[in-house]
Structure formats: structure tokens, C-alpha cells
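To convert, note that position 57 of the sequence shown is 57 in the UniProt record's numbering; the numbers rise steadily by one, no gaps. We put the CB at the ideal spot given by N, CA and C, even for glycine. Working notes for the structure below.
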Amino acid sequence: MSDCIFCAIVDGDIPGRIVHETEHSLAFLDANPLAPGHTLVVPKEHHARLDEVPADAAADLFAAVNDLVPRVEAAVDADATNVGINNGPAAGQEVDHVHVHIVPRFEGDGGSPIHAVAGERPDLSDEELADIEAAISG
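As C-alpha cells, then:
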């Protein structure tokens, strides 16, 4: 996609601090990091949402994430990492290209757990949970 910054990095049209590359994915340091070592892992082909990524490319993407997490932690001496995807604008996705964030975390860094991103938690009944379970499991 011509106006996608991540496609431009993949294509080499703009520079990126590339830390890992596979057949289907590319990883680079985030230009606006939340922590030292904040890394983005993207599929090389443009896909806006995770469910649009073909299975082989998705497997490659998550294999790259799996490989990179300990490497990122070691590189910046992090105590842990948050790994996340903002899948669509309502979820906070700012770049319309699937990307996985690997955010190093440090004891006492003031960050929050992943549950903090969703705002107020719903109070769901057992019946509502059963309905959701059935809808997801098919």
C-alpha cells in the first residue's frame, strides 16, 4: 500500500532499525518507543487486520515474535515484556497494517498489565458468558 509507513519500511523506501527478517515478516525498533527495545513485528505483505493475514504468514509472524521476545529482553536487560496487537481502530490501532508490539518491562517502571487497556470491565452473567462461549466455539 503506497501510503503505509510499515510497507515503506518493508520495501526499503524509508529507513528502519531492522532487527529480524524472515520470508513473511520483518521486525524493527519502534520509532516512538514505550520502552528501550520496543520492537514491532509486521507481516511483509500489507494486511490491515489479523484475520486477513494468510495462515502461513501468521505462523511465520508469531514464530518471529516467539524468537524475538527473549532476544529483546536480553538486549535491554528487561524483567519481562508485554506482547500485544491493536486489531482495528477501536482497539487503538494507529497504523493500518498488522503489527505486534514487543514492549520490554522493568520492575517499578510504572506500567500496567494488559487488562488496563480495556477500560471498565463488564459484569457478565453466567448466561451471557455461556452465550459468548457458544458463539466463539461455533
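Check                                                                                                                                            : Outcome
Quick one: what's got a C-beta closer than 8 Å to V95's C-beta in the same chain, skipping five residues either side?                            : C4, I5 and F6
Pick from Q93, A8 and A75: whose alpha carbon is nearest that of V117?                                                                           : Q93
Whole angstroms are fine: how far does the CA of D79 sit from the CA of V72?                                                                     : 11 Å
If distances are taken between C-alpha atoms only, which option among S125, D131, V103 and V69 comes closest to L34?                             : V103
Only counting the same chain, and skipping five residues up and downstream in sequence, which positions put a Cβ closer than 6 Å to that of R17? : F28 and L29
Are G84 and R49 close, meaning C-beta to C-beta below 8 Å?                                                                                       : no
Alpha carbon to alpha carbon, what distance is there between A90 and E52?                                                                        : 17 Å
So is I132 buried or exposed if we call it buried at 16+ other beta carbons inside 10 Å?                                                         : exposed
In angstroms, rounded to a whole number, what distance separates the CA positions of residue 189 and D13?                                        : No answer is possible for residue 189: the residues shown for the chain start at 1 and end at 138.
DSSP three-state label for residue 139, please.                                                                                                  : Here the chain covers residues 1 to 138 and nothing more, so residue 139 does not appear.
By the three-class DSSP mapping on this structure, what secondary structure does F106 have?                                                      : coil
Which runs of the beta strand (DSSP E) at least 3 residues long sit entirely within the UniProt domain "HIT" (5–112)? Give them in chain order.  : 18–21, 25–29, 39–43, 80–84 and 100–105
Buried or exposed: E64, going by 16 or more other Cβ atoms within 10 Å of its Cβ?                                                                : The question names Glu, yet the displayed sequence has Ala at residue 64. Buried: at least 16 other Cβ atoms inside 10 Å.
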